[in-house]
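Colleague: Residue numbers (the numbering used here): 108 to 307.
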């Protein structure tokens with residue numbers, strides 16, 4: 108396989124069988140992605156029109172943020188230790204890890220058959236029956252979009268609660284109020300939006 112790099116003004120083409128990989132000429136060369144990206148786009152018969160901003164370090168940071176490990180552990184350890192104690196904490200991680208292997212295996216199988224950033228809505232469109240492809244794909248796409256928004260609000264609410272707890276821990280005169288956490292959540296969401304739209 109060979110990728111022909113041309114000038115920025117020209118369209119980059121990648122031949123794989125009868126399919127052709129193209130990058131829109133409005134995309135600067137440094138945002139074209141890797142050879143694996145080119146191969147995957149060619150397999151799907153798609154043309155790249157968006158910039159690929161993420162490198163290894165940014166993807167690692169994004170994955171760490173999405174997993175929300177430290178926020179979740181700080182908040183949930185209390186519940187785990189009260190409900191089941193340290194045995195529940197220890198064996199819960201092992202049972203969860205074993206159970207999630209099945210989820211990861213099925214996702215890996217889907218991703219290997221159809222590597223796409225679209226994820227769920229694209230897979231539903233490909234693997235559902237012809238009569239329900241469009242409505243199910245539309246429904247799953249909306250559920251994914253709403254899920255991301257709810258996830259963002261939930262994580263920001265959790266971080267707002269942690270900030271409020273840190274304030275209460277360091278200032279004995281502070282009396283936590285529920286609306287304080289709501290304002291902190293709005294501030295965190297707003298700063299995230301500003302950072303991602305203007306500074307990223």
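Here a beta-carbon is modelled for each residue, glycine too, at the ideal position from N, C-alpha and C. Owing to the predicted nature of the structure, the values given are computational and were not obtained by experimental measurement.
1) Does the stretch 264 to 282 touch the stretch 224 to 236, meaning 3 or more C-beta pairs lie closer than 8 Å?
2) So for residue 154, helix, strand or coil by DSSP?
3) Taking 8 Å as the threshold (C-beta atoms), are residue 248 and residue 228 in contact?
4) To the nearest angstrom, how far is the alpha carbon of residue 152 from that of residue 245?
5) Can you give the Cα-Cα distance for residue 299 and residue 210, rounded to whole angstroms?
6) What separation, rounded to the nearest whole angstrom, lies between the Cα atoms of residue 276 and residue 304?
7) Can the beta-carbon of residue 201 be found closer than 8 Å to that of residue 260?
8) For residue 156, does the count of other Cβ atoms within 10 angstroms reach 16, so buried, or fall short, so exposed?
9) Applying the criterion that 16 or more other CB atoms from any shown protein chain within 10 Å of the CB defines a buried residue, is residue 256 buried or exposed?
10) Out of 194, 206 and 136, which one is the CA nearest neighbour of residue 158?
11) For residue 145, does the count of other Cβ atoms within 10 angstroms reach 16, so buried, or fall short, so exposed?
12) Please say whether residue 188 and residue 196 have beta carbons closer to each other than 8 Å?
13) For residue 224 and residue 288, what's the separation of their Cα atoms in angstroms?
Modeller: Working from what's here:
1) no
2) strand
3) yes
4) 21 Å
5) 30 Å
6) 33 Å
7) no
8) exposed
9) exposed
10) 136
11) buried
12) yes
13) 34 Å
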